[in-house]
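J.: Before I ask anything, let me first share the structure, which is written out below as structure tokens.
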Amino acid sequence: MDEPFFSIKDYPTQDYLFKLRELGMKKSITGADIIDQIEKYKSKIYDNKINSVHYKSFLLLNYIDDNYEDLKDNILFREKIQTETWIPILTPEPDNQCTFSKVSDCRDKLYNDLISYTMPIVDYKIKNDKLLHFLGWDAFH
């Protein structure tokens, strides 16, 4: 997979990361990078690599949660994450299949017991209160 972010492989020592950064590897991901990744993930959803795309979308959501303060002022980024079908979710029980959703059509793990039979759930609890509010997932937080 032509993936510049969220490499699944771990590096055996910090020397590798140091060398990669010397060669131009980024230390952080910008809003524009996230927009590009969402587009790449959307194009690969229908390939036979759905588990890999699902996992990487999950990592992207985690990154956004951890770094939302640095990303929140990018209007195009905010629009993209709110309107595109890219959120990695599990379908309502009993199926629990990996698929993707728009922000408006799913909720985070906090809502699992309340709505998991009627609405898809992200297997992750958003920690950043400002991101929760932006996503509209802050009713019970």
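Per the working numbering: the sequence shown = residues 1293 to 1433. For each residue, glycine too, the CB sits at the ideal point set by N, CA and C. Every value quoted in this text rests on a predicted model; they were computed, and no experiment measured them.
Would you decide whether Met1293 is buried or exposed? Buried here means 16 or more other CB atoms lie within 10 Å of its CB.
T.: Confidence at Met1293 is low in this model, with a pLDDT of 40, below 50, so its placement is unreliable and the value that follows should be read with caution. Met1293 comes out exposed.
J.: CA-CA distance, Ile1300 and Thr1377?
T.: In this prediction, Ile1300 scores a pLDDT of 48, lower than 50, which makes its location untrustworthy; the coordinate-derived value is nonetheless stated afterwards. Cα to Cα, Ile1300 sits roughly 23 angstroms from Thr1377.
J.: Taking buried to mean at least 16 other C-beta atoms within 10 Å of its own C-beta, is Gln1306 buried or exposed?
T.: With fewer than 16 Cβ atoms within 10 Å of its Cβ, Gln1306 is classed as exposed.
J.: Give the secondary structure of Ile1326 by DSSP, where H, G and I count as helix, E and B as strand, and everything else as coil.
T.: If DSSP states are grouped into helix, strand and coil, Ile1326 belongs with the helices.
J.: Going by C-alpha distance, which of Glu1361, Phe1392, Cys1398 is nearest Thr1322?
T.: The candidate whose alpha carbon is nearest that of Thr1322 is Glu1361.
J.: Measure from the alpha carbon of Asp1328 to the alpha carbon of each residue in Gln1374, Phe1369, Leu1406, then state which is nearest.
T.: Among Gln1374, Phe1369, Leu1406, the Cα nearest to that of Asp1328 is on Phe1369.
J.: Can you check which of these residues, Trp1429, His1346, Lys1318, is closest to Pro1418 by C-alpha distance?
T.: The identity of residue 1418 in the sequence shown is Ile, whereas the question assumes Pro. Here the closest residue by C-alpha is Trp1429.
J.: Could you name the residues that DSSP lists as bridge partners for Arg1399?
T.: In the DSSP output, where bridge partners are listed per residue, Arg1399 has Ile1413.
J.: What are the start and end residues of each continuous alpha helix (DSSP H) run of 4 or more residues lying completely inside the region 1340 to 1397, in chain order?
T.: Runs of the alpha helix (DSSP H) inside the region 1340 to 1397: 1342 to 1363, 1367 to 1375.
J.: Where do the ends of the alpha helix (DSSP H) carrying Asn1404 lie?
T.: Unbroken alpha helix (DSSP H) run through Asn1404: 1404 to 1407.
J.: Among the candidates Tyr1347, Ile1381, His1346, whose CA atom is the shortest distance from the CA of Pro1412?
T.: For Pro1412, the nearest C-alpha among the options comes from Ile1381.
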